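If you want the numbering used here, it's the 1-based position in the sequence shown plus 60. Backbone N, C-alpha and C define an ideal beta-carbon position, used for all residues, glycine too. Keep in mind the model is a prediction, meaning the values are calculated, not measured.
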Amino acid sequence: MLTRNCLSLLLCVLFDGGLLTPLHPQPQQTLEPEARENVPVPGRRSFAQRVKRGWVWNQFFVLEEYMGSEPQYVGKLHSDLDKGVGTVKYTLSGDGAGTVFTIDETTGDIHAIRSLDREEKPFYTLRAQAVDVDTKKPLEPESEFIIKVQDINDNEPKFPDGPYVASVPEMSPVGAYVLQVKATDADDPTYGNSARVVYSILQGQPYFSIDPKTGVIRTALPNMDREVKEQYQVLIQAKDMGGQLGGLAGTTTVNITLTDVNDNPPRFPKSIFHLKVPESSHVGSAIGRIRAVDPDFGKNAEIEYNIVPGDGGNLFDISTDENTQEGVIKLKKPLDFETKKAYTFKVEASNLHLDHRFHSVGPFKDTATVKINVLDMDEPPVFSKPMYTMEVYEDTPVGTIIGAVTAQDLDAGSSSVRYFIDWKNDVDSYFTIDATEGTIATNELLDRESTAQYNFSIIASKVNNTAGIETRRNGYSRRQQELYFLPIVIEDSSYPVQSSTNTLTIRVCRCDSDGTIQSCNVEAIFLPVGLSTGALIAILLCIVILLVIVVLYVALRRQKKKDTLMTSKEDIRDNVIHYDDEGGGEEDTQAFDIGALRNPKVIEDNKIRRDIKPDTLRFSRHRPLVEDNTDIRDFINQRLQENDVDPTAPPYDSLATYAYEGNGSVAESLSSIDSLTTEADQDYDYLSDWGPRFKILADMFGEEESYNTDKVT
Numbered sequence: 061m062l063t064r065n066c067l068s069l070l071l072c073v074l075f076d077g078g079l080l081t082p083l084h085p086q087p088q089q090t091l092e093p094e095a096r097e098n099v100p101v102p103g104r105r106s107f108a109q110r111v112k113r114g115w116v117w118n119q120f121f122v123l124e125e126y127m128g129s130e131p132q133y134v135g136k137l138h139s140d141l142d143k144g145v146g147t148v149k150y151t152l153s154g155d156g157a158g159t160v161f162t163i164d165e166t167t168g169d170i171h172a173i174r175s176l177d178r179e180e181k182p183f184y185t186l187r188a189q190a191v192d193v194d195t196k197k198p199l200e201p202e203s204e205f206i207i208k209v210q211d212i213n214d215n216e217p218k219f220p221d222g223p224y225v226a227s228v229p230e231m232s233p234v235g236a237y238v239l240q241v242k243a244t245d246a247d248d249p250t251y252g253n254s255a256r257v258v259y260s261i262l263q264g265q266p267y268f269s270i271d272p273k274t275g276v277i278r279t280a281l282p283n284m285d286r287e288v289k290e291q292y293q294v295l296i297q298a299k300d301m302g303g304q305l306g307g308l309a310g311t312t313t314v315n316i317t318l319t320d321v322n323d324n325p326p327r328f329p330k331s332i333f334h335l336k337v338p339e340s341s342h343v344g345s346a347i348g349r350i351r352a353v354d355p356d357f358g359k360n361a362e363i364e365y366n367i368v369p370g371d372g373g374n375l376f377d378i379s380t381d382e383n384t385q386e387g388v389i390k391l392k393k394p395l396d397f398e399t400k401k402a403y404t405f406k407v408e409a410s411n412l413h414l415d416h417r418f419h420s421v422g423p424f425k426d427t428a429t430v431k432i433n434v435l436d437m438d439e440p441p442v443f444s445k446p447m448y449t450m451e452v453y454e455d456t457p458v459g460t461i462i463g464a465v466t467a468q469d470l471d472a473g474s475s476s477v478r479y480f481i482d483w484k485n486d487v488d489s490y491f492t493i494d495a496t497e498g499t500i501a502t503n504e505l506l507d508r509e510s511t512a513q514y515n516f517s518i519i520a521s522k523v524n525n526t527a528g529i530e531t532r533r534n535g536y537s538r539r540q541q542e543l544y545f546l547p548i549v550i551e552d553s554s555y556p557v558q559s560s561t562n563t564l565t566i567r568v569c570r571c572d573s574d575g576t577i578q579s580c581n582v583e584a585i586f587l588p589v590g591l592s593t594g595a596l597i598a599i600l601l602c603i604v605i606l607l608v609i610v611v612l613y614v615a616l617r618r619q620k621k622k623d624t625l626m627t628s629k630e631d632i633r634d635n636v637i638h639y640d641d642e643g644g645g646e647e648d649t650q651a652f653d654i655g656a657l658r659n660p661k662v663i664e665d666n667k668i669r670r671d672i673k674p675d676t677l678r679f680s681r682h683r684p685l686v687e688d689n690t691d692i693r694d695f696i697n698q699r700l701q702e703n704d705v706d707p708t709a710p711p712y713d714s715l716a717t718y719a720y721e722g723n724g725s726v727a728e729s730l731s732s733i734d735s736l737t738t739e740a741d742q743d744y745d746y747l748s749d750w751g752p753r754f755k756i757l758a759d760m761f762g763e764e765e766s767y768n769t770d771k772v773t
């Protein structure tokens with residue numbers, strides 16, 4: 061604001077003198093004689109003469125965003141023909157004439173009548189002319205001049221392309237190029253430092269740096285690892301005025317991502333992988349998957365798996381799943397549990413795309429051991445030959461053995477084999493087979509002329525998995541035990557062993573002498589171990605009964621407690637009566653007379669306790685006389701000690717009075733607390749002798765006494 065005012069003052073001085081020295085002066089325009097008109101001058105003869113042009117032309121300046129109360133002074137137009145007598149009139153036309161700029165027709169002073177924005181319009185081109193006031197003819201040819209809007213710092217730098225997104229490879233060296241940001245300032249770059257921008261980082265250090273002049277962002281730390289932190293948000297500031305205090309600033313955000321490079325080798329999470337494969341698996345089928353972990357991304361994480369040549373791996377092959385980057389192990393040859401039960405081999409995992417910059421880190425591969433256990437499967441028996449040929453004479457007697465077939469169970473344990481003829485038509489009924497031995501015999505007479513050859517199939521199967529239950533004693537009695545629960549465990553022969561447990565319920569039935577069951581079913585059934593529905597209902601019923609008993613017990617206890625509380629209200633010890641009658645304070649000297657505490661007569665009285673019923677025998681207490689001027693504190697302490705050592709005091713708290721009334725009253729004390737007689741035994745006739753003040757009291761007690769006397773009579 062100070063600079064603006066000083067510049068305005070300077071312009072006023074220059075213009076008032078009819079001379080302007082601009083920052084960028086333009087050639088002074090001079091009117092040539094040939095172009096000059098013969099302008100008549102009032103009071104002079106009209107003759108041709110050469111007149112020198114008197115315009116002083118330079119570029120005018122006006123401050124933008126002027127906020128003064130008066131119109132801003134721009135400059136002054138003056139002609140040499142103007143002698144200051146009011147015969148010359150100045151006019152203004154062109155950009156903003158009349159709306160933005162005005163001119164004093166007499167003096168030629170130009171003013172800006174509103175605030176101007178250089179960013180909206182940096183300069184105005186106007187035309188000026190001086191005319192004779194009387195003849196209205198031009199004294200000078202119309203000339204053109206410029207009013208330039210002088211810039212002030214009223215615009216902050218802006219990032220037209222922000223926010224920015226950039227990327228840089230991880231593990232880049234210090235100073236690696238990331239991005240260049242550019243801020244623009246709408247102020248005048250040719251004037252002052254209003255548009256001189258300096259860049260700085262507000263957020264993002266110490267990872268990145270920026271060149272203060274060019275806005276180029278570079279890495280500032282070495283070995284930035286994507287696997288540790290991938291995204292960075294950097295806040296950039298652009299400040300004008302060369303970054304000096306008072307400059308305007310603008311900010312933008314740059315989101316920087318570290319792109320991946322192959323700086324991590326694949327690693328197996330464990331050194332040994334265990335797989336279990338049934339021996340019945342087909343050749344070419346996938347029998348298991350293993351995976352090596354590579355923290356890199358994209359092609360840098362692509363892994364190739366290979367089986368290391370050696371013992372045990374020739375039956376298997378491995379390939380890479382492109383989606384999951386897992387190693388898929390496949391079967392190349394059939395497996396046989398009875399031949400070999402386990403295989404062990406090594407698998408190597410390596411990267412496909414290597415980066416030569418990280419060769420020094422070590423080999424980009426890893427190995428692991430794969431152990432495969434072959435599971436035994438229940439396979440059918442195998443015949444010794446795929447086809448048997450037998451010959452028999454026609455008319456051979458029925459039951460003649462003509463040959464035998466042999467099948468063997470190759471599984472571990474070698475179960476027994478049973479043989480059956482696969483009956484497909486009536487022709488197969490001509491022969492029979494021994495289910496255990498596999499011998500084939502004729503079942504009917506054969507006739508070669510009728511049928512010369514018979515073809516039929518033999519089925520060999522293992523025995524069914526059954527179990528028999530046998531008794532271990534001779535007899536059972538229903539009276540001793542009617543039901544027996546026998547747990548049965550069933551296991552298979554696979555690996556791992558699978559099993560289940562059921563309970564077999566055996567019921568003892570009544571039988572006759574021949575062993576015929578009379579009163580129960582002979583069929584044994586399987587029941588799950590657990591509680592019956594009746595037992596559950598009985599348990600729930602017991603719980604409900606217990607809850608009812610508890611509720612009744614609590615209700616009775618509450619009722620009993622309530623009765624006890626009501627009875628306790630009759631106890632005199634629990635009733636406290638409050639008399640909230642306060643005095644008038646320290647200034648109220650009439651409320652309480654402290655001299656009443658010095659009544660020796662009351663002290664001498666042997667008063668009994670009024671909070672308990674006095675006993676027949678009572679210990680007499682002799683208290684020494686207290687002088688009239690005895691200190692009150694000593695008196696109170698004496699009374700306190702007497703009450704503390706009183707053996708007739710009750711075993712509960714009671715109220716003890718330490719005050720006594722003063723002497724000097726003609727009627728003495730009117731209190732009935734110390735009175736041992738009843739109201740009926742007292743005579744109130746003396747009240748009438750006390751004067752008119754006690755007349756009402758005397759009439760009350762006198763009438764009552766009279767009334768009572770009449771009633772008794």
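With a beta-carbon spacing of about 6 Å, Ser341 and Ile347 fall inside the 8 Å limit used to define contacts. Annotated three-state conformation of Phe418 is helix, per DSSP. No Cβ-Cβ contact shorter than 9 Å links Leu262 with Ile316.
The beta-carbon separation of Lys401 and Phe376, rounded to 15 Å, does not stay under the 8 Å limit for a contact. Ranked by Cα distance from Val191, the first of Asp140, Pro182, Met231 is Asp140.
Secondary structure note for Gln698: its alpha helix (DSSP H) is the uninterrupted segment 692-704. The stretch 321-339 makes contact with the stretch 348-360: 3 or more CB pairs, one atom from each, lie closer than 8 Å. Inter-residue distance for Lys425 and Asn433 is about 26 Å (C-alpha atoms, whole angstroms).
In summary, His138 is buried, with 16 or more beta-carbon neighbours lying within 10 Å of its beta-carbon over all protein chains present.
Out of Lys196, Tyr126, Gly156, the CA that lies nearest to the CA of Thr147 is found in Lys196. For Val122 against Val209, the beta-carbon gap comes to about 6 Å, under 8 Å, which counts as contact. Residue environment for Ser510: exposed (fewer than 16 other C-beta atoms within 10 angstroms of its C-beta).
A residue is called buried once 16 or more other Cβ atoms fall within 10 Å of its Cβ, and Lys143, having fewer, is exposed. Residue pairing by DSSP places His334 opposite Lys431 in a beta bridge. Assigned with DSSP and collapsed to three states, Pro229 falls in strand. Taken through DSSP and simplified to helix, strand or coil, Val614 comes out as helix. With respect to the C-alpha of Ser444, the residue from Leu600, Tyr237, Lys431, Val477 having the closest C-alpha is Val477. In this structure, Gly156 is the residue among Gly156, Asp177, Gly372 with its C-alpha nearest to the C-alpha of Ile170. Met284 counts as buried, since at least 16 other C-beta atoms from the protein chains shown sit within 10 angstroms of its C-beta.
Closest option to Gly158, judged by alpha-carbon separation, among Ser560, Arg174, Asp749: Arg174. A contact between stretches requires three or more CB pairs, one per stretch, nearer than 8 Å, and the stretch 410-429 fails this requirement with the stretch 441-458. Thr250: not part of any beta strand (DSSP E); DSSP gives it neither H nor E. When rounded, the separation of the alpha-carbon atoms in Tyr403 and Asp438 is 21 Å. Taken through DSSP and simplified to helix, strand or coil, Asn383 comes out as coil.
Put simply, the backbone Cα of Pro131 is about 12 Å away from that of Glu124. Considering only Thr565, Leu186, Pro446, the residue with the shortest C-alpha distance to Leu543 is Thr565. Each residue's CA atom was taken as its position, placing Tyr184 and Met301 some 27 Å apart. When secondary structure is reduced to three states using DSSP, Tyr184 falls in the strand class. Here DSSP, grouped into helix, strand and coil, assigns Asp426 to strand. Tyr536 carries a coil assignment under DSSP once its states are collapsed to helix, strand and coil.
In the DSSP assignment, Ser260 falls within the beta strand (DSSP E) that extends over 258-263. Under the criterion of beta carbons closer than 8 Å, Leu295 and Thr311 qualify as touching, at roughly 6 Å. Inclusion of Asn322 and Asp356 in the CB contact set at 9 Å is warranted, their separation being smaller than that value.
Counting along the chain, the unbroken beta strand (DSSP E) around Ile363 starts and ends at 363-367. Residue pairing by DSSP puts Gly154 in a beta bridge opposite Leu186.
A distance below 9 Å separates the beta carbons of Thr319 and Arg286.
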